[in-house]
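These notes concern the structure reproduced below.
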Amino acid sequence: MTRSQIPIRDISIMCGQHILDVSLWRDKAVAKLNEGDEVELTHLHTSIQANGRGKFNSSHHTTVKVAEGHRLVQELEVVGVLENEYAFILLDSLCEEYILPVEMYSGSLEELIERLPFKVSVESVNKRVLKFNAVEASL
Numbered sequence: 001m002t003r004s005q006i007p008i009r010d011i012s013i014m015c016g017q018h019i020l021d022v023s024l025w026r027d028k029a030v031a032k033l034n035e036g037d038e039v040e041l042t043h044l045h046t047s048i049q050a051n052g053r054g055k056f057n058s059s060h061h062t063t064v065k066v067a068e069g070h071r072l073v074q075e076l077e078v079v080g081v082l083e084n085e086y087a088f089i090l091l092d093s094l095c096e097e098y099i100l101p102v103e104m105y106s107g108s109l110e111e112l113i114e115r116l117p118f119k120v121s122v123e124s125v126n127k128r129v130l131k132f133n134a135v136e137a138s139l
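Letter 109 of the sequence shown, counting from 1, is numbered 109 in UniProt numbering, and no numbers are missing.
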């Protein structure tokens, strides 16, 4: 046995109305997952945490499959914006969130906030923006 760091990723997934905690280990921890993805996980182990809640853990047999949705081209009225280190999160007028990678928009969060509300045309898959174009001349 060697001493090395084992990657672990703790995620929460929504199944119906329930939020489930899952720990992905080793190669499953580095699988490319984005917020809002529809994910199929198989062969998970169950455990009980100290707080009494259940938790799932991946095993050697676990598979992680992200369901690819259909490409949608639509016009959104953006009414809110958040930013994390990887993406802007756009909130539309129907209270749905779309993930816009930071490399797709060269401006700042403050610039987007000043323009609220604004309309954009987006091409997206599973609420991840692939193309982003201003509908109004304000962007």
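Beta carbons are placed, not taken as given, at the ideal position from N, Cα and C, and that holds for glycine. Quick caveat, the model's predicted, so the values are computed rather than measured.
Residues bridged to residue i (per DSSP)
i           : result
residue 126 : Partner(s): none; residue 126 has no beta bridge.
residue 66  : 39
residue 18  : 15
residue 55  : 47
Rounded straight-line distance, which links the Cα of residue j to that of residue i
i           : j           : result
residue 101 : residue 78  : 16 Å
residue 67  : residue 39  : 6 Å
residue 114 : residue 81  : 10 Å
residue 28  : residue 41  : 10 Å
residue 125 : residue 32  : 14 Å
residue 123 : residue 37  : 16 Å
residue 16  : residue 131 : 30 Å
residue 71  : residue 50  : 42 Å
residue 26  : residue 95  : 35 Å
residue 54  : residue 64  : 20 Å
residue 76  : residue 18  : 29 Å
residue 20  : residue 13  : 5 Å
Top-ranked residue by Cα proximity to residue i, from the options
i           : options           : result
residue 134 : 127, 119, 14, 114 : 119
residue 69  : 128, 7, 4         : 128
residue 34  : 48, 84, 6, 109    : 84
residue 87  : 98, 93, 94        : 98
residue 8   : 73, 56, 17        : 56
residue 92  : 108, 121, 106     : 121
residue 44  : 61, 53, 30, 52    : 61
residue 30  : 47, 90, 58        : 58
residue 11  : 18, 112, 22       : 22
Simplified DSSP assignment, three categories, for residue i
i           : result
residue 38  : strand
residue 196 : Shown here, the chain extends from 1 to 139; a query on residue 196 therefore has no answer.
residue 26  : helix
residue 83  : strand
residue 77  : strand
residue 102 : helix
residue 97  : strand
residue 121 : strand
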